[in-house]
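Throughout the sequence shown, residue numbering follows my numbering, covering 255 to 404 in sequence.
Shown next, in structure tokens, is the structure this report addresses.
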Amino acid sequence: MTSNHAEQARARKMADALACGIDDAFISQLVERFYSTVRQDDMLGPIFAERIGDWPHHLARMKDFWASVMLESGRFSGNPMRKHIAIGGLDEAHFARWQSLWNQTLDRIAQNAAVADRFREAALRIGESLLTGIKIDRGGLAAISARASS
Numbered sequence: 255m256t257s258n259h260a261e262q263a264r265a266r267k268m269a270d271a272l273a274c275g276i277d278d279a280f281i282s283q284l285v286e287r288f289y290s291t292v293r294q295d296d297m298l299g300p301i302f303a304e305r306i307g308d309w310p311h312h313l314a315r316m317k318d319f320w321a322s323v324m325l326e327s328g329r330f331s332g333n334p335m336r337k338h339i340a341i342g343g344l345d346e347a348h349f350a351r352w353q354s355l356w357n358q359t360l361d362r363i364a365q366n367a368a369v370a371d372r373f374r375e376a377a378l379r380i381g382e383s384l385l386t387g388i389k390i391d392r393g394g395l396a397a398i399s400a401r402a403s404s
């Protein structure tokens, strides 16, 4: 019963996303345009250039990631948290810049506000989660407690 409920919820999410214009073609366009911008960015470009040697592979993985997030495709497997923790020096400024470039890309190519808003909200949640994980890795739970009380 639980499995059936989960399958139905995934199917509804996918149908809803497709109905508003989120599909593999849009995800591919978004990922391609966004990472083209990232690669030229003064803050983020060098971080990616240092770590990504095979851009076609990375872009394919990011397309699978976003399809899994937005369409429940299940095509992505991996550990984004571990990858981001391994990048020393990432902080709020990096995530804010990433989100800013993401939003600018959405402003340019999203066919409607519903599509843009769904991607913005998902990216914000994911970014906050990754940043929280990085902070915990660096300073334990005290790092989060200190942040919450400030």
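By construction, the Cβ of each residue, glycine as well, lies at the ideal position given by its N, Cα and C atoms.
For clarity, every value in this text was computed on a predicted model and none was experimentally measured.
Residue span of the alpha helix (DSSP H) that contains residue i, given as start and end
i, result
"Leu344", "It is not in any alpha helix (DSSP H) - Leu344 carries neither H nor E in the DSSP assignment."
"Ile276", "Where Ile276 is concerned, there is no enclosing alpha helix (DSSP H), given that its DSSP letter is neither H nor E."
Residue i versus the options, residue with shortest Cα-Cα distance
i, options, result
"Ile405", "Arg315, His259, Phe349 and Glu261", "With the chain represented from 255 up to 404, any question about residue 405 goes unanswered, as that position is not in the structure."
"His348", "Leu384, Ile398, Arg392 and Phe373", "Leu384"
"Ala370", "Asn357, Arg293 and Trp352", "Asn357"
"Leu272", "Gln365, Ile306 and Glu261", "Gln365"
"Asn333", "Gly387, Phe302, Pro300 and Gly394", "Gly387"
"His311", "Gly299, Ala263, Glu286 and Gly328", "Glu286"
"Ser327", "Asp296, Ala263 and Ala396", "Ala263"
"Ala377", "Asn258, Pro300, Phe288 and Met297", "Phe288"
"Lys389", "Trp309, Asp308, Arg336 and Gly307", "Arg336"
Whole-angstrom C-beta distance between residue j and residue i, which should lie under 8 angstroms
i, j, result
"Leu325", "Ile276", "7 angstroms"
"Ile341", "Asp391", "11 angstroms between Cβ atoms; not a contact."
"Leu313", "Ile363", "About 16 angstroms separates the two Cβ atoms, so there is no contact after all."
"Gln353", "Gly381", "6 angstroms"
"Arg351", "Leu298", "6 angstroms"
8 angstroms Cβ cutoff, residue i in contact with chain C
i, result
"Leu355", "Checking the listed chains, one finds no chain C in this structure; it contains a single protein chain."
Checklist entry - Mind pulling the alpha helix (DSSP H) runs of 4 or more residues that sit fully within the region 303-370? => result DSSP assignment within the region 303-370 yields the following whole alpha helix (DSSP H) runs of 4 residues or more, N-terminal first: 309-325, 334-339 and 346-363.
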